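Enquirer: The structure follows.
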Amino acid sequence: MMMDFSELPLVIFTTLSQMAVGAYVTMYLLGRSNHIGEKTISLTSKIVVVLMALAMAGASTHLGDPLGGPRALLGLTHSWLSREIFLMGAFLGLAFLYALPQLQKVRRCLGFCGSVAGILGIIATAMVYTLPARPAWNTAYPMMFFFLTALAAGPLLTAFIAVKAEGHVCKPALQMAELLLLLELLVTVFYPITQGANLNMPMGWLAVRCAVGQLIPAVMLYRQAAAAGEHNLLLPLLLVIVGELLGHQLFYASVLPYPLFPQ
């Protein structure tokens, strides 16, 4: 079955922004609890800024008039799309300030405010798609899916950076990523079961998404967490990123509109 890739800019935006928020919040919390060092914090903050810049650039290509994007902020009082743009832009700005070495004295405040802005940004993104016109989306699924992406891919990215920057694995981040991948797998499987009438889901691609992007990396992370010595998280991270991109593509491509003539 051929998929429609017309929403690819949104696939890139949602995937990268959610992963960036997850990595930022993980960095902030683990930094405060001294599970990661300054090298990891510095590198993670810079990578988060790059991811968010790419995400926002990808989203801008979806607009008919990208330069007119700021006008969307006029609807903050009533539009979830306007709130999403504002909150994700605020998150990018706060993450950029956090990454500046000159502002280390106020990092704790920037970390907290950036985490709140990012979390609220994901909520706003999910609410954009919670639409009565799309019955499969008019559920808790968009909210669960987007947060599971952040909570699985974000900690794994932070754990990968910690290995590269400091030479040791951050087990709390690794264990969280493993657990959330398995939870995401359950949600991914039950979504077409509970919403089958409202979806045109390509089951072959769904199976690839579950196996390559969730199950295999979860098993790899379990083995990595139990192993002593050198850890290599590059392959599981790449598999998770591919899986999340495919998962977001399926999110857009499989949904059906509300039927004009319901049974």
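Counting from 1, position 170 in the sequence shown corresponds to residue 172 in my numbering; the numbering is continuous, with no gaps. Ideal Cβ placement from N, Cα and C applies to all residues, glycine included. Please read all numbers here as calculations on a predicted model, not as lab measurements.
In or out: ARG211 buried (at least 16 other Cβ within 10 Å) or exposed?
Expert: By the neighbour-count rule (16 or more Cβ atoms within 10 Å), ARG211 is buried.
Enquirer: Using CA atoms only, rank isn't needed, just tell me which of TYR143, LEU159 and THR16 is closest to ILE283.
Expert: Residue 283 lies beyond the residue range present for the chain, which begins at 3 and ends at 265; the question has no answer from this structure.
Enquirer: As a quick exercise: from LEU252, MET178, HIS170 and VAL257, pick the residue whose alpha carbon is nearest that of LEU31.
Expert: Nearest of LEU252, MET178, HIS170 and VAL257 to LEU31, Cα basis: MET178.
Enquirer: Do GLY215 and VAL257 come within 8 Å of each other at the CB atom, strictly closer than that value?
Expert: Cβ atoms of VAL257 and GLY215: not closer than 8 Å.
Enquirer: Where does LEU201 fall in DSSP's three states?
Expert: Residue state, collapsed to three classes: strand.
Enquirer: Since ALA22 and LEU53 are thought to touch, with beta carbons under 8 Å apart, how far apart are those beta carbons, to the nearest angstrom?
Expert: 4 Å between Cβ atoms; contact.
Enquirer: Is DSSP giving VAL171 helix, strand or coil here?
Expert: Note: VAL171 maps to coil in three-state DSSP.
Enquirer: Beta-carbon within less than 7 Å of LEU99's beta-carbon, same chain only, minus the 5 sequence neighbours each way: which residues are those?
Expert: Within the same chain, LEU99 has close Cβ partners LEU105 and LEU112.
Enquirer: My assumption, with CB atoms under 8 Å, is that THR28 sits in contact with PRO157. Please give the rounded CB distance.
Expert: Indeed, because the Cβ distance is near 5 Å, the residues count as touching under 8 Å.
Enquirer: Measuring alpha carbon to alpha carbon, tell me which of LYS48, LEU10, PRO11 and THR196 ends up nearest PRO103.
Expert: If we check each option's Cα against that of PRO103, LYS48 comes out closest.
Enquirer: For the alpha helix (DSSP H) containing ALA55, name the first residue and the last one.
Expert: 40 to 62 is the extent of the alpha helix (DSSP H) around ALA55.
Enquirer: Return the CA-CA distance between THR151 and LEU184, expressed in angstroms with no decimal places.
Expert: Cα to Cα, the separation comes out at about 12 Å.
Enquirer: Should ALA57 and PHE93 be called a contact, given that it needs their Cβ atoms to be closer than 8 Å?
Expert: Not in contact: ALA57 and PHE93 (Cβ atoms no closer than 8 Å).
Enquirer: What residues are listed by DSSP as bridge partners for VAL257?
Expert: According to DSSP, VAL257 bridges with LEU201.
Enquirer: Is ALA152 helix, strand or coil when you go by DSSP?
Expert: Looking at ALA152 - three-state DSSP - the assignment turns out to be helix.
Enquirer: Excluding the five sequence neighbours on either side, which residues of its own chain have a C-beta within less than 6 Å of the C-beta of GLU9, listed in chain order?
Expert: Only TYR254 meet the Cβ criterion.
Enquirer: Can you tell me which of the three DSSP states GLU9 falls into?
Expert: Coil, per DSSP.
Enquirer: Less than 6 Å between C-beta atoms, sequence neighbours within five positions excluded: which residues of the same chain meet that for ALA164?
Expert: For ALA164, where only same-chain residues beyond five positions count, the Cβ hits under 6 Å are ILE38, THR42 and CYS172.
Enquirer: Buried or exposed: HIS80, going by 16 or more other Cβ atoms within 10 Å of its Cβ?
Expert: The residue in question, HIS80, is exposed, as its Cβ has fewer than 16 Cβ neighbours within 10 Å.
Enquirer: Output yes or no for whether 8 Å exceeds the beta carbon distance between LEU223 and LEU176.
Expert: Yes, these two residues count as a Cβ contact at 8 Å.
Enquirer: Pop quiz: LEU76 and SER84 are said to be a contact at Cβ under 8 Å. What is the actual Cβ separation, rounded to whole angstroms?
Expert: That belief holds up - the Cβ atoms of LEU76 and SER84 are roughly 7 Å apart, short of 8 Å.
Enquirer: I need the DSSP call for ARG136, collapsed to helix, strand or coil.
Expert: In this structure, ARG136 counts as coil in the three-state DSSP scheme.
Enquirer: Buried or exposed: HIS170, going by 16 or more other Cβ atoms within 10 Å of its Cβ?
Expert: Its Cβ having fewer than 16 others within 10 Å, HIS170 is exposed.
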